[in-house]
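Residue numbers for the sequence shown, in my numbering: 366 to 552. Glycine included, C-beta positions come from ideal geometry on N, C-alpha and C.
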Amino acid sequence: EETALRMAAEREPADFQRVDALGEYYFRNERWPESVRWLSKAYPLSAGNEAVGYELSFALMQAGELEKAKRQVEQLLSRSDSARLHNLLGAIADRSADYLEAAREYHRAAEMDPSESNIFDLATFLVQHKKYAGFVDEAIKFFRYGVALYPRSSQLMVGLGVALYASEQYDEAVRVLCAAVDLDPTD
Numbered sequence: 366e367e368t369a370l371r372m373a374a375e376r377e378p379a380d381f382q383r384v385d386a387l388g389e390y391y392f393r394n395e396r397w398p399e400s401v402r403w404l405s406k407a408y409p410l411s412a413g414n415e416a417v418g419y420e421l422s423f424a425l426m427q428a429g430e431l432e433k434a435k436r437q438v439e440q441l442l443s444r445s446d447s448a449r450l451h452n453l454l455g456a457i458a459d460r461s462a463d464y465l466e467a468a469r470e471y472h473r474a475a476e477m478d479p480s481e482s483n484i485f486d487l488a489t490f491l492v493q494h495k496k497y498a499g500f501v502d503e504a505i506k507f508f509r510y511g512v513a514l515y516p517r518s519s520q521l522m523v524g525l526g527v528a529l530y531a532s533e534q535y536d537e538a539v540r541v542l543c544a545a546v547d548l549d550p551t552d
């Protein structure tokens, strides 16, 4: 499959479908440098398609090209403000060790779209950076909010239990973790 896709993209380098298909192949297989190479070629051919731009940004981040990834997301945000892009910008800032900016971006994503995954990403980020004053308390607040919105989410319940444990609220952490297991015994 890879050989056929590469030959087609090399034979017709101005054909968006062929170039994008090869970039997508590498993306799905988590071959980030190759994905960046071909998605960087596909993006201009796509007339700035947001989905292609998002995947290019993600691949750049995964390849460790954090500044380029940030610029790509900012370019996309200048055209369309979306929670998905803010969440990705949070992940890029986190990997760049710009934790306050990451917190702002994850928060913005959860504010724009309070989906289970956006709330989980924000609260998990806050727990992981508990050395910053107030981050664990904020994580608990957001996990509680998420559990209230998604009471069947074992993922959010486990996150809440971990955050409570991190804040030394051991009895409540145990109760919450047991409730999470009851929600999904296989998780």
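| Asked | Found |
| --- | --- |
| Cβ neighbours of A504 in the same chain (closer than 6 Å, five flanking residues each side left out) | A488, L491, V492, A528 |
| Y464 and H494 closer than 7 Å at C-beta | yes |
| Backbone CA spacing between P550 and R469 [nearest angstrom] | 34 Å |
| Under the three-state DSSP convention, the category H494 falls into | coil |
| Touching by the beta-carbon criterion (3+ pairs, under 8 Å), the stretch 419–437 and the stretch 466–485 | no |
| Nearest-angstrom beta carbon gap, F485 and G524 [assumed within contact, 8 Å] | 6 Å |
| Residue burial classification, M372 (beta-carbon count within 10 angstroms, cutoff 16) | exposed |
| First and last residue of the uninterrupted alpha helix (DSSP H) at A428 | Segment: none, A428 is in no alpha helix (DSSP H) and carries neither H nor E. |
| F392 vs A424 beta-carbon contact at 7 Å | yes |
| Contacting residues, own chain, Cβ-Cβ under 7 Å from Y408 (five flanking each side not counted) | V417, G418, L421 |
| Cα-Cα separation between S518 and V512, rounded to whole angstroms | 7 Å |
| Ranges of the alpha helix (DSSP H) found wholly within the stretch 451–514, counting only runs of at least 4 | 464–477, 481–493, 500–514 |
| Assigned exposure category for K406 - 16 Cβ within 10 Å defines buried | buried |
| Exposed unless 16 or more other CB atoms sit within 10 angstroms - verdict on N394 | exposed |
| Alpha-carbon spacing of V541 relative to M522, whole angstroms | 6 Å |
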